[in-house]
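> I am attaching a structure below and will ask some questions about it afterwards.
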Ligand SMILES: NC(=O)c1ccc[n+]([C@@H]2O[C@H](COP(=O)([O-])OP(=O)(O)OC[C@H]3O[C@@H](n4cnc5c(N)ncnc54)[C@H](O)[C@@H]3O)[C@@H](O)[C@H]2O)c1
């Protein structure tokens with residue numbers, strides 16, 4: 048039996064009613080599990096006394112100062128400690144800086160008088176899920192595991208091998224914590240590099256998308272990354288900064304991370320500028336123009352808007368006096384400065400009325416041909432219109 052503990056009572060209620068609140072997980076998968084009593088949710092931590100294994104996957108955001116906010120991990124560990132019993136396995140899956148499991152969680156759990164390796168098992172196993180990816184899901188993404196002692200690793204391996212095909216043990220907890228940060232830093236740095244290439248190509252009047260397309264014919268030593276309006280989501284913009292923070296504690300300056308973070312976080316500004324330049328070419332000022340944003344979610348085919356660069360682009364253009372609306376089939380409403388905005392319907396009239404249609408997320412269930420046929424001008428930051436061969440004169444790409 049699996050028990051989910053969450054402080055959000057709405058999520059608890061949804062699960063117990065057999066409903067899924069995660070797009071990738073279908074209701075038909077959740078309902079029978081709940082019905083048969085295999086899956087339950089609660090906000091009551093005392094129920095943890097009854098379970099054999101506890102997986103911690105609470106948020107790890109940044110504070111306003113860009114330092115790690117460990118409060119969720121600390122409060123979860125404290126609540127677990129109150130209910131800890133001999134024989135339990137505790138695994139941290141939240142992405143965090145190397146040392147968290149040993150320096151933050153272990154002391155909280157050992158304060159109970161129980162000892163790791165002897166009385167309970169503790170380790171770290173990074174969450175590697177890729178939301179919206181239909182090919183790689185929990186069961187077929189290799190699982191990196193680690194533990195404080197040999198017994199801990201063995202028990203954690205046993206736990207995950209029940210449901211995951213390939214288990215990769217790391218020799219220490221810190222290695223496993225660092226693995227996740229290397230993976231996400233690799234993405235952030237490469238996206239930063241390709242965003243810089245896009246800016247360069249704009250100046251050099253070279254099509255960056257074609258450059259990537261042709262470069263990717265190389266069968267070794269190259270992996271394509273694509274430019275865009277900036278980084279979003281709960282992981283890639285944040286995780287490298289966890290690592291940079293920890294490195295700074297040791298007097299080490301993580302230059303690649305800082306540079307990539309700077310380039311990526313400047314992208315929304317650049318997109319707003321390019322939109323203004325394009326409007327200007329057709330004799331329009333941003334002030335008073337009507338812009339329709341396509342895609343508010345941070346990436347294709349997800350409902351998640353956390354850290355989405357679309358919000359910053361929205362604000363930058365609004366600051367300059369543009370009237371902005373949005374369309375996102377995955378995000379029916381958004382809240383901006385206390386105001387609720389609704390995703391507008393993609394009708395010919397709505398498109399014809401706009402001075403610019405700005406594609407920020409390339410969801411796959413949008414009729415791009417219809418957009419091109421009915422819009423005056425489109426700025427495409429995702430190359431979503433690559434398969435549309437008519438009306439190319441109306442389209443500008445990042
Ligand atoms: N979502 C992903 O695709 C993904 C991928 C890789 C890694 N991660 C990592 O996993 C962690 C969680 O991310 P997420 O996207 O699932 O976050 P989320 O915000 O969607 O979910 C976290 C849940 O934890 C609950 N919570 C907060 N404090 C709690 C507490 N003390 N006790 C019990 N529940 C508590 C929240 O109510 C929320 O429902 C983060 O560290 C993230 O970096 C997420």
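In our numbering, the protein residues as written are 48 to 445.
Quick reminder that beta carbons are idealized off the backbone N, C-alpha and C, glycines included.
So for residue 129, helix, strand or coil by DSSP?
Residue 129: helix per DSSP, three-state reduction.
> Which term fits residue 135, buried or exposed, when burial requires 16 or more other beta carbons within 10 angstroms of its beta carbon?
The residue is buried, with at least 16 neighbouring Cβ atoms inside 10 Å.
> Check the DSSP bridge columns for residue 168 and list the partner residues they point to.
Paired residues: 136.
> Sorted by chain position, which residues of the same chain lie with C-beta nearer than 8 Å to residue 101's C-beta, five sequence neighbours on each side aside?
Excluding sequence neighbours, residue 101 sits near 95, 127, 135, 136, 137 and 138.
> With 16 other CB atoms within 10 Å as the buried threshold, where does residue 224 fall?
Burial call: buried.
> Give a single yes or no on whether residue 281 has its beta carbon closer than 7 Å to a heavy atom of ligand 1.
The answer is yes for residue 281.
> Run the proximity test for residue 52: is its beta-carbon closer than 7 Å to any non-hydrogen atom belonging to ligand 1?
Checking the Cβ of residue 52 against ligand 1 gives yes.
> Which one of 402, 382 and 129 has the shortest CA to CA distance from residue 353?
Nearest C-alpha to residue 353: 382.
> Since residue 326 contacts residue 318 with CB under 8 Å, what's their CB separation in whole angstroms?
13 Å between Cβ atoms; not a contact.
> So what's residue 469 in DSSP terms, helix, strand or just coil?
The chain is shown from 48 up to 445; residue 469 falls before or after that span and cannot be answered.
> To the nearest angstrom, report how far apart residue 372 and residue 68 are at their CA atoms.
Straight-line Cα distance between these residues: approximately 26 Å.
> Using a Cβ-Cβ cut-off of 8 Å (strictly less than) and excluding sequence neighbours within five positions of residue 414, which residues of its own chain qualify?
The residues are 393.
> Have a look at residue 450 and residue 339 and give me their C-alpha separation to the nearest angstrom.
Absent from the structure is residue 450, since the part of the chain shown begins at 48 and ends at 445.
> So, with DSSP's three-state summary, where would you put residue 374?
In this structure, residue 374 counts as strand in the three-state DSSP scheme.
> From residue 448 to residue 388, what distance separates their C-alpha atoms?
Since the first and last residues shown for the chain are 48 and 445, residue 448 lies out of range.
> Is any heavy atom of ligand 1 found at a distance shorter than 7 Å from the C-beta of residue 389?
Residue 389: no, Cβ never under 7 Å from ligand 1.
> Cα-Cα, which of 241, 322, 360 and 99 is closest to residue 206?
Among 241, 322, 360 and 99, the Cα nearest to that of residue 206 is on 99.
> Contact criterion: CB-CB distance below 8 Å. Does residue 236 meet it with respect to chain B?
Absent here is chain B; the protein component of the structure consists of one chain.
> Is the Cβ-Cβ distance between residue 170 and residue 148 less than 8 Å?
Against a cut-off of 8 Å, the Cβ pair of residue 148 and residue 170 comes out as a contact.
> Would residue 261 be called buried (16 or more neighbouring beta carbons within 10 Å of its own) or exposed?
Answer is exposed; the Cβ neighbour count stays below 16.
> Considering only residues of the same chain and omitting the five flanking positions on each side of residue 367, which have a CB-CB separation below 8 Å?
Here the set comprises 319, 323, 333 and 334.
> Answer yes if the region 302-316 comes into contact with the region 264-272, meaning at least three C-beta pairs across the two stretches below 8 Å, and no otherwise.
No: fewer than three Cβ pairs fall under 8 Å.
> Within 8 Å, do at least three Cβ pairs link the region 406-425 to the region 433-443?
Verdict: yes, contact present.
> On a CA-only basis, which of 165, 203 and 153 is nearest residue 173? Give me that one, please.
Checking every option, the nearest Cα to that of residue 173 belongs to 203.
> Assuming residue 133 contacts residue 167 (C-beta within less than 8 Å), just tell me the rounded distance between them.
Contact holds; Cβ gap of about 7 Å.
> Roughly how many whole angstroms lie between the Cα atoms of residue 302 and residue 429?
Approximately 27 Å, taken between the alpha carbons.
> Quick one: what does DSSP say residue 58 is sitting in, helix, strand or coil?
Of the three classes helix, strand and coil, the one that applies to residue 58 here is helix, per DSSP.
> Taking the C-alpha atoms as reference points, what is the distance between residue 88 and residue 123?
Cα-Cα distance, rounded: 16 Å.
> Which residues bound the beta strand (DSSP E) around residue 86?
Residue 86 -> beta strand (DSSP E) spans 86-89.
> With DSSP as the reference, identify every bridge partner of residue 108, one or two as the case may be.
BP columns for residue 108 are empty, so no partner.
> How would you label residue 241, buried or exposed, when you count the other beta carbons within 10 angstroms and need 16 or more for buried?
Residue 241 should be labelled buried.
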